[in-house]
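S.K.: Dropping a structure here in C-alpha cells format, bear with me for questions.
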Amino acid sequence: METSITHTPSPRSELHVREDYQARYGFSDPEEYLLKAPKGIRHDVVEMISQLKKEPEWMRQIRHEALDAFFAKPMPQWGDTELLNAIDFDNICYFVKSTKGTEKSWDDVPDKIKRTFDRLGIPEAEQKFLGGVSAQYESEVVYHSLHDDLTKQGIMFLDMDSGLREHEDIVRKYFGTVIPYADNKFAALNTAAWSGGSFIYVPPGVNVKIPLQAYFRINARNMGQFERTLIIADKGSRVHYIEGCTAPTYSSDSLHSAVVELIAMEGAYIRYTTIQNWSNNVYNLVTKRAVAYADATVEWVDANLGSKLTTKFPCVYLVGERAKAEILSVAFAGDGQHQDAGAKVIHAAPNTTSRITSKSISRGGGRASYRGLVKVYPNATNCKVSVECDALLLDENSRSDTYPTMEIAGEDVRIEHEARVSKIAEEQIFYLQSRGLTEDQARMLIVNGFFEPFVKELPMEYAVEMNRLIELEMEGSVG
Amino acid sequence: MSADQTLLTPSRANDAGLEKLWGHILGSHNGPPWLLEQRQQALDVYRSTPLPSRVSHLWRYSDPGMFLVNDGDLLPVAAPGVPREVPAALKEELDRELLAGGAYLCNSVVMKTALDSKLADAGVVIMDLHEAVVKLPDLVQAHLGTLVGPQSGKFEAFTNAAWSGGILIYVPKGVVLAKPVHILATLHGEFADHANGVAAIAQRLLVIVEEDAELTLIDESGDGADGAGARVYTITEIVAGVGARVKYVPIQHWNHKTIAFTTVRARLDRDAQFETVMTTLGGQTSKTDCGAVMAGRGAESNMFGLAIGAGRQQYDHHTVQDHQSGTTRSDLHFKVALRGRASSAYTGLIRIEDKAPYCEAYQENRNLILSPGAKAESIPELEILNNEVRCTHGATVGKVDPQEVFYLGSRGIEPSEAVRLIVTGFVGPILDRIPDAVRDRVHGLVLSHLGDM
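In order, the protein sequence lines correspond to chains P and A.
Counting from 1, position 179 in the first sequence corresponds to residue 183 in my numbering; the numbering is continuous, with no gaps.
Counting from 1, position 173 in the second sequence corresponds to residue 894 in my numbering; the numbering is continuous, with no gaps.
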C-alpha cells in the first residue's frame, strides 16, 4: 500500500480537498535562488537564458526567432478566451535557477530542495526500482539518476539541458521537428524560454522494461515553467515515460507551458503517462505531439486533475502504414477549474488505427470540455477510428462540453464517435445503499468505476495515487 | 488572416451595390413605417457586422465571403417572362386535393396562393407577406424577425433588410389541418451569367401555429427546371403555441449553379411538438442552419435529415437543439451520402441551459462516402450546463460494406444496383417520414440524384 509518491494517507474523513492539497502539495519553500530573471519576456531574458546554459549558436537563434513568433501571433480565438486573455505575460518570471547544476547522487542535492522532494516521495520512487527519476524544480532539473543497466543498454535519459550539451547532434536533428515554434503562440513561448524537461533516446530494439519518471514542481510565485521534452524511440524499441506535476497554492497565477515531442520510429512503442495535479492557480497550456512511423504505436495516458485552465490536446500523426494511436484522457473539473482537454489524431497513411477514450467529471461549478480532432487524408485508406466521450455531471452548477471534430476525406474509412453526458443515476445509488453503503461511498464507487478504464492503465503505485486523488476531489461532493 | 481582414467590412463598392438593391426594394414595396424601420435597422446591422470569423465551427467549412452581397448584384424580381403558371407537380397535388393549401413563388415573388375554403372560413391564412403586413399588421409585427432577426448573423441581417417576397401561414387556436400545405419556390432567369454580378434573392416564411393547432408544411425549393443560378437567402420562422403540433418538411433541390443560405428557427411553447424532415439535394453550395428552441416545459423536437451530394456540391448543415426550459426532449438523425467530389460539413449543437433540468437530448450523424474524392466533416457539439440530463450523441463516417455488396451479388444483383439499394436503405427511414403527397416524387429525386453508382 505504501506508494511511490504519496505520503502516509491522513484519515480522509477529516479532510477537505483544498485543505488537503495545501498539506500535501501546497507547501512552499522560501524563495532562495542563485539567479532569477526579471519579470516579463524580452529578447535580453532569452539571451540570458541561452548564455547561462552556454548553448550552441543554432539554439540561441531558434530562441530569438521563436520569441518574435510569440510576439507576432495573436492569442487563440477559440477555447476559453476569457481565461486565456486574463494571462498577464509581463507579470511572469520566465527563468529561475535554484542549484548550480544537475546532481548525480541524491545526497548532493541541497537540503531544502531535498525536503521538498522527500515530501513528494521521489526517493521512494527510486527505491522501488523505477527506471530513472528526474525532478524539475522551477526551471531546471535538480536531480537525476538512471540505473546502470539502462545506461549500458545505450538508453539516454537526461534533462533536456544536459541532453543538448552531451548529445547535440541528436537534439539538433529532432528538436522542433514535431512541434515547430510557429505551431502556436504557446509553443513559440516555450521554444523561446524553454528550460529543463526530459531528453530520452532509446536505441533500436531496446525494451525499457521499467517506466522512466519525471516530476515537475513550481515553487516561486508568478513563475512560468517551460519544460521541453523530446523522446525518441528508435526502430523496434519500447519505452514508458511517466510525469507528475504539482505547485504550491499562491493567490497569483503561474503559467506552465510545456512542449513535448515524441518520435516513434518504425515498429517502436511509446507510452506517455501524465498525472497533472497543479494547484488551482496554474495555467496549464501544453502542446504535446507524437509522430508514429510504420508499425509504431503511441499511447498518451493523460489525467488532468489540477490547474485553473488546462488546454491540452495530445496529438499523434500517423505517418507510416499500420501505425497506431491510443489516447486515454481523464479530466476532473472542480470549483473554478476549466479542463479543456481532448485529443488529436491525424491519419496520413493507410491501414492506420486510432482509439480515443475521454472521461470527464465536473463538480462544484467546474467545467470540463472535450475538444478533439480526427483528420483522415485521402491517401489514408482502410483507417479505423473510434472516439468515445463520457461525461458525468455531479451537480447543477457544473458544465460539460463536447466538441469533437471529424474531417474525413476518402471513402475507405470506418469512423465511430460516441458521447454521453449524464449524472449518477439515482437507481444506482439506491441499489448500493440497499447493500449497506453510505451515499458517499456509493458515489465514490460509481466514480471509481467510471474512471476504471483509465486507472487500470497505470502502473500500480500510480493507480493507487490516482484513486487517492479522485477520492480527495470527491470529498464533500454529496449534498 | 490578412484575406479575412480585408473583408471585415463591406467595401464601398458593396455599399453602392446595396444602395441599388435597397432602392429597388423600397421602390417595389411600400411597406408600413414599422417595417421600413425594421429593414433599415437590419441593413445597418448588415453593414456594421464584420464577416463571421472562420475560427468558429459554424464557418469553419464555408467561406463567408461567398455570401457577401457584391457590387452589381441585382434583385431580379421583375425579370421578364417569369412563368405565372403553377408548376405541374404542385398543380396536380392541388387538383387531386392532396393538399390543404399551397403557394407558388418565383424569384421570391408570390405568384399564387391556394387554400381549402373550409379552412379559410375557420380562420386559416396563407398569404403573400407583403399583403399580410398591410392586412394583418399586428400578427406579423408581433412575430416577424423575433426568431431570426438581424442579430442572428450578418447574412440573416441582410435577409431581414432585403427580403423581397414571402409567405405568412397562420393556423388559429385548435384548428387541425389534416392535409399538408405545400409551398414551392423557384427561380427564373440566367442571372449567374450576368456580367456584373449574380442575383441576390432574399425571401422569408413566417409560420404561426396557435394553441393546440396542427400543421404539416412542405417547403420545396427548386422545381428541377430552374433556369437560374442565383444566391438565395431564406429565413423561416416557426412559432408553435402551447400544445401545437408542427411538421416542417423542407425539400431543397435548386440547380447546381445556385448558392443557398438558409436559416430556420422554431420556437416551441409548452407541450408543443415539432418534427423536421429535411432533404437536401441541390445547390452548388448550400449552407443551412436549422434549429428548435424548446422554450416551454414538455416541448419536444424531432429532427430528421438527409443530404445527398454529387459532383462538386458543397453542403454545410448546422442544427441546434436549444433546451431553454426544463423537462423537454429532442432527438436528431442526420444522414449524408456523398459521391463524386462532393463535400459535406455537419455541425450540430445540443445546448442545455443551467435552469433547464430533466432534459433528454439525442443526436446522431451518419455519413456514407461513396467515392474516393468525397469528403465529410462532422462536429457534434454538446454544451450541458445542468446535471439532471440524459444526453448522447454519435457520429460515424464510413463506406458501403463490401460484404453487403458481395451478399447482394450472390443473390444476382449487379454491384451498381446493390450500392443503390444500400444507399436507399440508408436514407429510407428518413424518406418514410415525408408526407404521402410528395413522397414518391422526392424518392424519385433522390434516386436520380444518386445517378449511376
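Just so it is clear, CB atoms sit at the ideal spot from N, CA and C, and this is done for glycine as well.
With a CB to CB cut of under 6 angstroms and the five nearest residues on each side skipped, what residues in its chain are close to aspartate 1175 (chain A)?
M.R.: Within the shown structure, residues of chain A are numbered from 722 to 1174, placing residue 1175 (chain A) beyond reach of any answer.
S.K.: Out of A:Ser769, A:Ala863, A:Thr997, A:Ser942, state which residue places its alpha-carbon closest to the alpha-carbon of phenylalanine 982 (chain A).
M.R.: Ranking A:Ser769, A:Ala863, A:Thr997, A:Ser942 by Cα distance to phenylalanine 982 (chain A) puts A:Ser942 first.
S.K.: By a C-beta neighbour count over all protein chains shown, 10 Å radius and 16 as the cutoff for buried, is asparagine 285 (chain P) buried or exposed?
M.R.: With 16 or more Cβ atoms within 10 Å of its Cβ, asparagine 285 (chain P) is classed as buried.
S.K.: Are the C-beta atoms of proline 1136 (chain A) and some chain P residue less than 9 angstroms apart?
M.R.: No, proline 1136 (chain A) lies away from the interface with chain P (no Cβ there is under 9 angstroms from its Cβ).
S.K.: Quick one: list the residues of chain A neighbouring tryptophan 82 (chain P), beta-carbon separation under 7 angstroms, in chain order.
M.R.: Correct list: Val776.
S.K.: Would you decide whether aspartate 94 (chain P) is buried or exposed? Buried here means 16 or more other CB atoms lie within 10 Å of its CB.
M.R.: It counts as exposed.
S.K.: Run through DSSP, which three-state label would valine 1163 (chain A) get?
M.R.: Correct three-state label for valine 1163 (chain A): helix.
S.K.: State yes or no: is the C-beta of arginine 1062 (chain A) within less than 9 angstroms of the C-beta of leucine 1091 (chain A)?
M.R.: Cβ distance not < 9 angstroms, so arginine 1062 (chain A) and leucine 1091 (chain A) don't count as in contact.
S.K.: Just curious, the beta strand (DSSP E) that histidine 903 (chain A) is in, first and last residue?
M.R.: 902 to 907 is the extent of the beta strand (DSSP E) around histidine 903 (chain A).
S.K.: Check the Cβ of leucine 1142 (chain A) against every Cβ in chain P and list those closer than 7 angstroms, keeping chain order.
M.R.: What leucine 1142 (chain A) touches in chain P: nothing, since even the nearest Cβ is about 18 angstroms away.
S.K.: Inspect the beta-carbon positions of isoleucine 96 (chain P) and leucine 216 (chain P) and report whether they are closer than 9 angstroms.
M.R.: For isoleucine 96 (chain P) and leucine 216 (chain P), no; Cβs fall outside 9 angstroms.
S.K.: Straight-line CA distance for glutamine 1084 (chain A) to glycine 1012 (chain A)?
M.R.: So the two alpha carbons sit approximately 13 angstroms from each other.
S.K.: Leaving out five residues on either side along the sequence, give the residues of the same chain with a beta carbon under 6 angstroms from the beta carbon of glycine 1069 (chain A).
M.R.: Contacts found: Thr1040, Gln1084, Pro1101.
S.K.: For chain P, find out if any of its Cβ atoms is closer than 9 angstroms to the Cβ of threonine 1117 (chain A); answer yes or no.
M.R.: Interface residue, yes.
S.K.: State yes or no: is the beta carbon of threonine 1113 (chain A) nearer than 9 angstroms to at least one beta carbon in chain P?
M.R.: Yes, threonine 1113 (chain A) counts as interfacial toward chain P.
S.K.: Tell me the DSSP bridge mates of leucine 1027 (chain A)?
M.R.: DSSP output for leucine 1027 (chain A) lists A:Thr1000, A:Lys1056 as bridge partner(s).
S.K.: Using three-state DSSP, classify tryptophan 755 (chain A) as helix, strand or coil.
M.R.: DSSP places tryptophan 755 (chain A) in helix when its eight states are reduced to three.
S.K.: Starting from asparagine 1023 (chain A), find everything on chain P with Cβ-Cβ shorter than 9 angstroms and list it in chain order.
M.R.: Within 9 angstroms Cβ-Cβ: nothing; asparagine 1023 (chain A) doesn't reach chain P, min ~20 angstroms.
S.K.: Can you list, in chain order, the residues of its chain whose CB lies under 6 angstroms from that of glutamine 1035 (chain A), leaving out five sequence neighbours each side?
M.R.: Closer than 6 angstroms at the Cβ level, and outside the excluded window around glutamine 1035 (chain A), lie Thr1006, Ser1064.
S.K.: Would you tell me roughly how many angstroms separate the C-alpha atoms of glycine 844 (chain A) and glycine 822 (chain A), rounded to the nearest one?
M.R.: Each residue's alpha carbon lies about 13 angstroms from the other.
S.K.: Output yes if chain A places a C-beta closer than 9 angstroms to the C-beta of serine 404 (chain P); else output no.
M.R.: It does: the Cβ of serine 404 (chain P) has a partner Cβ on chain A nearer than 9 angstroms.
S.K.: Please report the straight-line C-alpha distance between asparagine 917 (chain A) and arginine 952 (chain A), rounded to a whole angstrom.
M.R.: At asparagine 917 (chain A) the pLDDT is 47, less than 50, meaning the model places this residue with poor confidence and gives no usable figure here.
S.K.: Go through its chain and collect everything with a Cβ distance to lysine 1120 (chain A)'s Cβ below 8 angstroms, but skip five positions before and after it.
M.R.: Answer for lysine 1120 (chain A): Leu1089, Ile1090, Leu1091, listed in chain order.
S.K.: Once you ignore the five residues that flank alanine 372 (chain P) on each side, which residues in its own chain have a CB closer than 6 angstroms to its CB?
M.R.: Excluding positions up to five away in sequence, the list reads Ala335, Ala337, Gln343, Ser364, Ser366, Ser404.
S.K.: How many Å lie between serine 774 (chain A) and isoleucine 1151 (chain A) at the Cα?
M.R.: Their Cα atoms are separated by approximately 33 angstroms.
S.K.: Counting Cβ pairs, one atom from each stretch, are 3 or more of them under 8 angstroms apart for the stretch 980 to 1000 of chain A and the stretch 1137 to 1146 of chain A?
M.R.: No: fewer than three Cβ pairs fall under 8 angstroms.
S.K.: Helix, strand or coil, according to DSSP, for lysine 427 (chain P) in the structure here?
M.R.: Lysine 427 (chain P): coil per DSSP, three-state reduction.
S.K.: With 16 other CB atoms within 10 Å as the buried threshold, where does arginine 817 (chain A) fall?
M.R.: Counting Cβ neighbours within 10 Å, arginine 817 (chain A) comes out exposed, since fewer than 16 surround it.
S.K.: Report the CB separation of glycine 271 (chain P) from alanine 300 (chain P) in whole angstroms; it is logged as a contact under 8 angstroms.
M.R.: Indeed they touch by this definition, with Cβ atoms about 6 angstroms apart.
S.K.: Mapping DSSP to helix, strand and coil, what is alanine 446 (chain P)?
M.R.: Helix.
S.K.: Would you kindly report the start and end of the unbroken alpha helix (DSSP H) that includes aspartate 1037 (chain A)?
M.R.: From DSSP, aspartate 1037 (chain A) is part of no alpha helix (DSSP H) but of the beta strand (DSSP E) over 1035 to 1044.
S.K.: State the CB to CB distance for the pair cysteine 393 (chain P) and proline 408 (chain P), rounded to an integer number of angstroms; the pair is presumed to be in contact (CB under 8 angstroms).
M.R.: Right, the Cβ-Cβ distance comes to about 7 angstroms (below 8 angstroms), so this counts as a contact.
S.K.: What does a CB cutoff of less than 6 angstroms around glutamate 197 (chain P) pick up in its chain, not counting 5 residues either side in sequence?
M.R.: Note that residue 197 (chain P) corresponds to alanine in the displayed sequence, not to glutamate. Around alanine 197 (chain P): Tyr98, Phe230.
S.K.: Quick check on glycine 1172 (chain A): does DSSP put it in helix, strand or coil?
M.R.: Here glycine 1172 (chain A) sits in coil by DSSP.
S.K.: What residues from chain P crowd round glutamate 1098 (chain A), counting only those whose CB sits closer than 8 angstroms?
M.R.: By Cβ distance, chain P contributes Thr409, Met410, Glu411, Ile412.
S.K.: I'd like to know whether the C-beta of aspartate 1157 (chain A) is nearer than 9 angstroms to at least one C-beta of chain P.
M.R.: With 9 angstroms as the cut-off, aspartate 1157 (chain A) does not count as an interface residue toward chain P.
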